[in-house]
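The numbering used here runs 618 ahead of the 1-based position in the sequence shown.
Where is the CB? At the ideal position from N, CA and C, for every residue including glycine.
Since the structure is predicted, the reported quantities are computational estimates derived from the model, not experimental observations.
Written below as structure tokens is the structure these notes are about.
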Amino acid sequence: MEPSLCRSTSLERLRFNNTALKKLPVDDSEDLGSQTVHAACFSRIRTFQPLLRPTFVAQSPAALALIGLRIQDVLSNPLGPEYLSGSRLLPGSEPAAHCYSGHQFGLFAGQLGDGAVMYLGEVETETHGRWEIQVKGAGVTPYSRDGDGRKVLRSSIREFLCSEAMAALGIPSTRAASLVTSDLYVTRDPLNNGRRISERCSVVLRLAPSFIRFGSFEIFLGRDDFSGLQGPSAGRHDIRAQLLDYVIENFYPCIQLTHSNRKDRNMAFFREVMNRTANLVAQWQCVGFCHGVLNTDNMSILGLTLDYGPFGFMDRYDPDFVCNASDKRGRYSYQAQSSACHWNLARLAEALGSELKVAEAGAILDEFMPTYQRFYLGTMRKKLGLVRKEEEEDSQLILDLLRLMHNTGADFTNTFRLLSYIPWPEGGDSEKVVVGPVVDLILKQCASIEELKVANKPTMEDGELAMILSMAQTNPVMFGIVADSPGVSEQLVRMGRLKELISTDQDELKEKQRDDWIRWISWYRRRLSRECEGAGDLSLIKEERLTVMNSTNPRVVLRNYIAQNAIQAAERGDFSEVKRVLKVLGNPYSESDASGLSTLVGPCAFKQTVAYDKKPPAGAQTICIT
């Protein structure tokens, strides 16, 4: 007899209430396969696609606790891997998939939806409130289009680790409670070179108060002038109002309680979404995180980091850092993230339409950039230990630091962590002598001259670049116009830097970098000295500075090579590295776990050169989607 029939376990006693399916329209069609879903926010999933011999890779104790579970509750249940991968129905759960649309890379894409995600329901706990539970990679849904609804071990490990890493950093995020893999295989082309290989099907158990996103409101949009597509529930403003009421009543209760007028309530809601989004992207920028796919369907209505695809934490600071190989134009580059979020908020306002006051919504959108800058500057001051005073020159101090980091190829995470080593200014000390040891540490993790040459090589096609340069001789007026465009201007700056690097050598470069760093640190120490003006106990100010800096500048982030090391080990059947990395990322500001983990810190020029020629073992099943 199965254990679940003998006695009820903690997994089987989860208290589901599934409010979303009670409050919002659900499509009950029994048709199989991809389809356009009209007049519904969810579609029920009636056909299960269980994994073959599912097994746990790792669990997050912190995330499991949100739904009232402990690791031993999960591991002691023989059916645990089946329950938490969507291979077996949890008592009280109601599998469904969410319908949404979205603007992808600036173009409206019509119906999208949960193509590889299954909603299980919502669990209520007395301590942590209500959490929606999803399984990602559980199989085909009505929104899978031509996909197989599966996720592989490689991408699942990345999402599992980064979800929990972001939460530990204090950045709002969806959570990942467990990761299950299996002996079911699908074929993928991981390097996009036309070579498909077999990879294990894996499932991440995701948690969030809600996974509703900007794109959830775009299913009501009419036909788009550019793409010619429309939302699957175009014109159904009654359902739009129903969805908006659900979101505000359940996730913005204070706004619901304090506004009796519907339009005023909706405007307060839109302003709060703007504030949360501005705060979120500011926090991304301050840890060097790049999302990679900031389409409207990947923007949480609750201001959470949502859907971890081709994300990346910067190693060396580069404002043009792009972590998505398909983003050829840099639409979602590191420095473009705030603008992308602003653009997405404008699309949300359009989707909400008559639910908002148009003029007031425009004014709120105009507040986004100043709001973002305020959040960003506030956190950057903490990263520099400037906690007692706010001065106008702080913005320039930060800007010059970032420019210096870029010019010297400094590591983003390590540089900010090292700033706490800069000694507090004392009267009569020699600048070069006092800050010399810190400068040495910073220079050790800066780029070599050869690395800087590669980094500053123009990215524009040679022919196009030659044409622009010849224009400088043949048509200076036109050249001046072209050179002012952001894309061309960036290329010319790169050329200038490259020319300087070619005419120098490594020793000269290091000497110049040393002088530049000493100059900036001197400015920084002068600014530090003003922190204690009119204050009392200097020792307390110094202690506060270090405490704030070390709790704002992480020691470790999920660098790509760290994730890749864990992936390679897991693909060999060794899950211990995933668990080890999860543990370290759970304490990103602590020095206590540093012993023996030197491989987890520091920049690394890791490139993905994995041998993707493995064949599935005997007894495995393979799905081939052509």
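At a cut-off of 4 residues, the continuous stretches assigned as alpha helix (DSSP H) that sit fully inside the segment 1014–1040 are 1030–1036. With contacts defined as CB atoms closer than 7 Å, GLY720 and LEU847 fail to qualify as a contacting pair. In this structure, DSSP gives TYR1142 a helical state, which the three-state scheme calls helix. Here GLU817 is bridged, per DSSP, to VAL804. DSSP lists no beta-bridge partner residue for LYS1130.
In this structure, DSSP gives SER719 an extended state, which the three-state scheme calls strand. SER951: not part of any beta strand (DSSP E); DSSP gives it neither H nor E.
Residues PHE634, ASN636, GLY710, SER711, GLU712, ILE751 of the same chain have their beta carbon placed closer than 7 Å to that of GLY739, with the five preceding and five following residues left out of the count. Between the C-alpha atoms of VAL1057 and LEU974 there is a straight-line separation of about 53 Å. Straight across, the Cα-Cα distance linking VAL1106 with VAL1100 is about 7 Å.
Taking a contact to require three or more Cβ pairs closer than 8 Å, the segment 797–816 and the segment 833–850 do not qualify as touching.
In the structure shown, the three-state DSSP call for GLN729 is strand.
Between ILE1067 and GLN1124, the gap from beta carbon to beta carbon is short of 7 Å.
GLU742 carries a strand assignment under DSSP once its states are collapsed to helix, strand and coil. With contacts defined by Cβ atoms closer than 7 Å, TYR952 and CYS908 form a contacting pair. If you look at ALA1153, you'll find it isn't in any beta strand (DSSP E); DSSP assigns it neither H nor E. Of the candidates PRO1206, ASN916, GLU1149, the residue whose Cα lies closest to the Cα of GLU1008 is GLU1149.
Beyond the five residues adjoining it in sequence on each side, ALA1181 comes within less than 7 Å, by CB distance, of ILE775, ARG776, LEU779 in the same chain, given in chain order. According to the DSSP assignment, VAL1175 belongs to no alpha helix (DSSP H), since it is labelled neither H nor E. By the neighbour-count criterion, in which a residue is buried when 16 or more other Cβ atoms sit within 10 angstroms of its Cβ, GLU817 is buried. Looking at the DSSP output, GLU750 bridges to GLU740, ALA826. With a 10 Å radius around the Cβ and a threshold of 16 neighbouring Cβ atoms, VAL758 comes out buried. Between PRO699 and PHE666, the CB-CB gap reaches or exceeds 7 Å. Between the C-alpha atoms of PRO827 and CYS872 there is a straight-line separation of about 16 Å. Close CB contacts of MET1096 within its chain, under the 7 Å cut and outside five residues either way in sequence, are with MET1089 (chain order). In this structure, the CA atom of GLU968 is about 12 Å from the CA atom of THR914. Fewer than three beta-carbon pairs drawn from the segment 679–687 and the segment 644–659 are found closer than 8 Å, and the two stretches are therefore not classed as touching. With contacts defined as CB atoms closer than 7 Å, LEU963 and PRO790 fail to qualify as a contacting pair. Sequence-distant Cβ neighbours of LEU912 in its own chain, meaning closer than 7 Å and more than five residues away, are TYR950, GLN955, ALA958, CYS959, ASN962. For LEU797, the three-state secondary structure derived from DSSP is strand.
Of all C-beta pairs linking the segment 1021–1036 to the segment 917–937, three or more are shorter than 8 Å, placing the two stretches in contact.
Inter-segment contact for the segment 1070–1086 and the segment 1031–1039 is absent: fewer than three beta-carbon pairs are separated by less than 8 Å.
Per DSSP, GLN677 is one residue of the beta strand (DSSP E) stretching across 673–677. Its Cα nearest to that of VAL1166, the residue LYS1000 stands out among GLY840, GLU890, LYS1000, SER851. The straight-line gap separating the alpha-carbon atoms of GLU985 and ASN1171 is approximately 28 Å. Nearest Cα to LEU730 within the set PHE1193, GLU836, LEU995: GLU836.
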